[in-house]
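Asks:
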Amino acid sequence: MKQVVQNYKSGELSVLDVPVPGCKPGGVLVRSAFSLISTGTELMKVSEAGMSMLGKARSRPDQVAKVMQSVATNGLPATYRKVMGKLDSYTPLGYSLCGVVEQVGAGVDDVKAGDLVACAGNEHALHAELNWVPKNLYVPVPDGLAPRHAAFGTVGSIALQGVRQGEPQLGEVALVIGLGLIGQLVVQLLTAAGVRVVGADPDPARCELAARLGAVACGDPASAAVAGAVAELTGGHGVDQVYLAAGGGSNQPVELAAALARDRGRVVDIGKCRLDLPWNAYYEKELDVRFSRSYGPGRYDPEYELEGRDYPIGYVRWTERRNLACFLDLVSRGRVDVEPLISHIADFGDAVETYRRLKDGELKAVAVLFRYPGPEGEGTAEAPVVAVPAVRVETRAAAPSRPVNTPVRLAFVGAGNYATSMLLPHLAGRDGVALSTVVTTTALSAANAQRKFGFARATTDLDGVLGDPSIDAVFVVTRHSSHAELTRRALLAGKAVFVEKPLALTEDDLAGVLAAVTESGNDRLQVGFNRRFSPLLREAKARFGARSGPASLRYLVNAGRLQHGSWYLQQGTEGSRFAGEGGHFIDTASWLLEADPVSVYAVASAGNEDLQVVLRYPDGSTATISYVTTGASGFPKETLDLVADGKVLKLDDFVRASVYGGKRWVSSRLPKARDKGQSNELAAFVRAVRTGGPMPVPLESLVATTAATLAVQTGLAGGVPVALERAR
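According to my numbering, the sequence shown holds residues 70 to 797 in order.
1) Our contact map puts Pro687 next to Glu408 with C-beta atoms below 8 Å; I'd like the distance itself, whole angstroms only.
2) Does DSSP classify Asp656 as helix, strand or coil?
3) For Trp387, count neighbouring C-beta atoms within 10 Å of its own C-beta (all shown protein chains included) and say buried if the count is 16 or more, exposed if not.
4) In chain order, what residues of the same chain have a beta carbon less than 6 Å from the beta carbon of Asp710, not counting five sequence neighbours either side?
5) If you scan the stretch 241-282 from start to end, which runs of the beta strand (DSSP E) of 3 or more residues do you find wholly inside it?
6) Evaluate contact between the stretch 543-556 and the stretch 520-528, counting only Cβ atoms and requiring at least three cross-stretch pairs below 8 Å.
7) How big is the Cα-Cα spacing for Glu236 and Leu555?
8) What would DSSP say about Gly446, mapped onto helix, strand or coil?
9) Under three-state DSSP, which class holds Gln75?
10) How would you call Asp231, buried or exposed, if buried means at least 16 neighbouring beta carbons within 10 angstroms?
11) Output yes or no for whether 8 Å exceeds the beta carbon distance between Val245 and Tyr312.
12) Buried or exposed for Thr510, please, with buried defined as at least 16 other CB atoms from any protein chain shown within 10 angstroms of its CB.
13) Below 8 Å between beta carbons: does that hold for Ala620 and Ser690?
14) Relative to the C-alpha of Val712, which residue among Val728, Ala314, Pro203 and Ser645 is closest?
15) Which word fits Pro765, buried or exposed, when buried means at least 16 other C-beta atoms lie within 10 angstroms of its C-beta?
16) Out of curiosity, what's the CA-to-CA distance linking Ala171 and Gly225?
17) Could you name the residues that DSSP lists as bridge partners for His196?
18) Kindly confirm or deny that the stretch 327-334 and the stretch 303-312 touch, where touching means at least three C-beta pairs closer than 8 Å.
19) Beta-carbon within less than 6 Å of Phe417's beta-carbon, same chain only, minus the 5 sequence neighbours each way: which residues are those?
20) Given a cut-off of 8 Å on the beta-carbon distance, is the pair Cys167 and Ala219 in contact?
21) Quick one: is Gly754 buried, meaning 16 or more other Cβ sit within 10 Å of its Cβ, or exposed?
22) Please report the distance separating the alpha-carbon of Ala296 from that of Lys341.
23) Less than 8 Å separating the beta-carbons of Ala527 and Ala518?
24) Could you check whether Phe602 and Val626 sit closer than 8 Å to each other, using their CB atoms as the reference points?
25) Considering only the alpha carbon of each residue, which of Arg499, Val568 and Trp734 lies closest to Leu752?
26) Taking one C-beta from the stretch 765-781 and one from the stretch 418-432 each time, how about it: are there three or more such pairs within less than 8 Å?
27) Does the stretch 274-286 touch the stretch 197-213, meaning 3 or more C-beta pairs lie closer than 8 Å?
28) Looking at Ser695: is its Cβ nearer than 8 Å to the Cβ of Gln782?
29) In angstroms, rounded to a whole number, what distance separates the CA positions of Leu329 and Leu680?
30) Quick check: what's the CA-CA separation for Val568 versus Arg557?
31) Tell me which residues share the same chain as Gly174 and place their Cβ nearer than 7 Å to its Cβ, disregarding the 5 neighbours each side in the sequence.
32) Tell me Pro203's beta-bridge partners as DSSP assigns them.
33) Taking Ser319 as the reference, which of Phe360, Ser361 and Asp270 has the closest Cα?
34) Can at least three beta-carbon pairs, one atom from the stretch 593-601 and one from the stretch 559-573, be found at a separation below 8 Å?
35) Skipping 5 residues on each side, what residues in its chain have a beta carbon closer than 7 Å to that of Leu259?
36) Just to confirm, are Ala187 and Gly213 a CB contact at a threshold of 8 Å?
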């Protein structure tokens with residue numbers, strides 16, 4: 070089997086072929102599915118190994134003291150040989166993983182071969198294809214919990230033990246200093262316990278992540294923002310607890326803890342933090358300084374860890390193993406969300422390169438996972454991944470210079486039913502808009518559109534339109550299979566682009582569009598996701614108000630059957646119905662939940678196109694889209710319910726909306742027509758083109774929605790949830 074090892078003397082990392090461990094009594098042999106890199110502890114070891122001998126000595130004075138004692142006892146030559154022999158040998162890395170039980174040792178009766186388990190221990194949960202794990206260092210994974218999430222078990226237990234040492238109470242305020250992997254988990258655990266959390270970290274991205282995961286305020290520890298937030302939340306008294314989850318050689322964390330803790334507050338050291346305590350500050354407040362020992366009671370006790378001797382629950386409520394099980398339970402119930410912490414998933418074979426990228430700072434990450442192959446060289450049963458490409462624009466498209474009264478000149482590529490019934494009626498005759506050119510593949514359809522809507526010119530020459538400098542924006546309203554390519558060409562030509570959904574039918578098509586954005590510096594793109602612009606839905610969202618907890622959204626789309634001969638049925642070339650239309654509903658859900666999805670699970674009914682799509686969001690919210698074709702034609706097409714914080718928003722087919730909460734609001738029962746937002750969407754697009762301001766929907770959101778739509782087909786093919794992995 071293969072295992073990641075490091076030579077501590079030379080610092081060399083390698084993936085080594087080593088013998089498979091035996092399955093001893095009192096434990097299980099586990100085949101790894103995912104293992105977690107501790108970006109704090111492990112990178113510290115990797116960095117130390119790359120130091121000179123003097124640097125190693127300075128970083129580990131405790132080991133130097135042991136060496137000096139050995140010299141006094143055994144003499145210099147013997148001690149030198151012993152130390153060099155230990156340094157010039159392979160040492161393992163890793164201590165947190167999830168895998169499948171391959172073999173059960175004697176005396177084990179709580180799991181069986183094939184069970185999924187989470188494992189802990191820097192000698193037993195290593196970055197290796199197979200590990201022998203003693204009984205008290207593994208727990209069964211709760212049903213439904215993804216293996217990549219269960220791989221966080223050990224690190225989660227470290228954070229959980231630290232929180233237990235702080236003894237938080239409902240309504241208290243805590244300060245978490247250091248928002249790396251451990252700090253982010255501490256923030257979520259405290260929030261789940263009813264504690265208001267302030268985070269401190271010099272990295273703005275980590276502060277933003279902690280705020281998304283529950284912190285009420287975050288900021289640079291050197292700024293006044295953190296102290297101001299603490300003063301406001303505590304009435305000037307100071308926080309009840311401080312959790313030191315920072316590393317490094319600075320003494321700033323313990324000094325900040327003394328400054329912002331209340332009288333007789335608690336300071337808990339979880340990480341490897343410098344602890345030169347300012348005596349006066351800690352004495353005057355009589356601060357209670359506590360240490361958190363790794364995963365919990367049982368750690369470093371050979372009888373507990375190796376021999377399987379448990380502590381009676383009446384005397385030790387939360388042991389190492391019970392902490393591990395508790396953390397997995399919190400994750401499985403959505404009280405802690407580890408998905409947003411996953412910055413990168415690397416194949417196990419790329420381990421050395423992954424460590425190099427982390428050490429050199431090329432890979433910025435909170436959490437990194439290794440993904441292992443299955444026993445036959447196949448991937449594990451873990452969810453497949455659909456990449457959400459990063460949006461990179463070197464030079465933003467400059468706003469065109471135009472006289473104030475000059476209209477925005479538009480060209481339409483395509484003039485089919487949707488363009489002529491849902492878009493052009495809102496643009497024809499609109500002030501500040503000039504319908505310049507319509508391009509179609511047949512001469513007659515172009516002539517019809519010119520006659521009905523007043524285009525100045527009708528043509529079949531697309532190149533001529535893209536090369537016309539007088540045209541400001543191009544509308545792509547053609548068949549689905551051509552959207553990505555036409556959008557790509559129009560962006561490269563420097564035009565603002567409005568493309569009807571879908572933006573792309575494949576991941577390669579989506580990547581091609583973004584490559585055009587990067588190449589041209591032109592990010593002036595809008596996809597026709599119009600529901601978020603509906604006046605009725607926007608008013609309902611405003612009346613629902615902000616929310617603090619996760620939401621549950623249910624969206625029923627009674628799509629109905631297609632007529633025989635419809636080009637929508639040409640799935641081989643035009644994609645499925647959901648691929649063409651589903652982006653509408655995913656975009657609406659994401660807009661209402663104010664986030665982009667992190668995973669997609671889709672199932673289909675046998676023999677028809679009825680789909681159930683479950684989207685999961687970073688804060689634990691879920692959206693279920695039922696896309697059905699077998700319903701009654703007389704039933705409304707779109708109905709939606711959003712539930713959160715004791716409130717319910719209900720939308721009935723853009724005819725009526727209501728919000729139930731402290732007060733009930735109901736919209737008019739008899740609107741003039743169903744307004745699904747096309748007019749407002751087009752007005753926003755034209756305004757952005759005219760002024761050079763931001764496009765109505767951020768490009769990152771359009772990309773995320775498109776990737777989630779594509780993930781539905783991937784999920785249907787694999788029958789498992791699909792993770793949406795965001796590129797960095």
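Cβ atoms here follow ideal geometry from the backbone N, Cα and C, with glycine treated the same way.
As the structure is a computational prediction, the values presented were derived from the model and not from experiment.
Replies: Working from what's here:
1) Indeed, because the Cβ distance is near 7 Å, the residues count as touching under 8 Å.
2) Correct three-state label for Asp656: helix.
3) With 16 or more neighbouring CB atoms inside 10 Å of its own CB, Trp387 falls in the buried class.
4) Taken in chain order, the residues that qualify are Arg623 and Lys719.
5) Under the rule that a run must span 3 or more residues, the beta strand (DSSP E) segments found entirely inside the stretch 241-282 read 242-246 and 265-269.
6) With contact defined as three or more Cβ pairs closer than 8 Å, the stretch 543-556 and the stretch 520-528 are not in contact.
7) C-alpha separation (whole angstroms): 60 Å.
8) Its pLDDT being 35, under 50, Gly446 is placed unreliably in this model, and the value from its coordinates should be taken loosely. DSSP, reduced to helix, strand and coil, places Gly446 outside both helices and strands of the structure shown, so it counts as coil.
9) For Gln75, the secondary structure class from DSSP, reduced to helix, strand or coil, is strand.
10) For clarity, residue 231 is Gly in the given sequence; the question names Asp instead. Residue burial is scored here from C-beta neighbours: Gly231 has at least 16 other C-beta atoms within 10 angstroms and is therefore classed as buried.
11) Yes, they are a contact pair.
12) Around the beta-carbon of Thr510, fewer than 16 other beta-carbon atoms lie within 10 Å, marking it exposed.
13) If you check the CB distance, Ala620 and Ser690 come in under 8 Å.
14) When only C-alpha atoms are compared, the closest one is Val728.
15) By the 10 Å Cβ count, Pro765 comes out buried.
16) Reading off the sequence, residue 171 comes out as Glu, not Ala. Roughly 25 Å between the two C-alpha positions.
17) Answer is none; His196 lacks a bridge partner.
18) Verdict: yes, contact present.
19) Hits under 6 Å: Phe439 and Tyr441.
20) Between Cys167 and Ala219, the C-beta gap is smaller than 8 Å, which places the two residues in contact.
21) The sequence shown places Phe at residue 754, rather than the Gly named in the question. Around the beta carbon of Phe754, a 10 Å sphere encloses 16 or more other beta carbons of the protein chains shown; the residue is thus reported as buried.
22) If you take the alpha carbons of Ala296 and Lys341, they lie about 23 Å apart.
23) In contact: Ala527 and Ala518 (Cβ atoms closer than 8 Å).
24) The beta carbons of Val626 and Phe602 sit no closer together than 8 Å.
25) The question names Leu, but residue 752 in the sequence shown is Ala. Taking only the C-alpha atoms, the option nearest Ala752 is Arg499.
26) With a cut-off of 8 Å, the stretch 418-432 and the stretch 765-781 do not count as touching, because too few Cβ pairs lie within range.
27) Contact between the stretch 197-213 and the stretch 274-286 is not established, with fewer than three Cβ pairs separated by less than 8 Å.
28) No, they are not a contact pair.
29) Roughly 53 Å separates the two Cα atoms.
30) Straight-line Cα distance between these residues: approximately 11 Å.
31) Excluding residues within five positions, the ones whose Cβ falls inside 7 Å are Cys92, Lys93, Pro94, Gly95, Gly96 and Val97.
32) According to DSSP, which records beta bridges pairwise, Pro203 is partnered with Gly96.
33) Closest option to Ser319, Cα to Cα, is Asp270.
34) In short, these stretches touch, since the Cβ pair count reaches three.
35) Val232, Pro237, Ala243 and Val266.
36) Their beta carbons are not under 8 Å apart, which means Ala187 does not touch Gly213 by this criterion.
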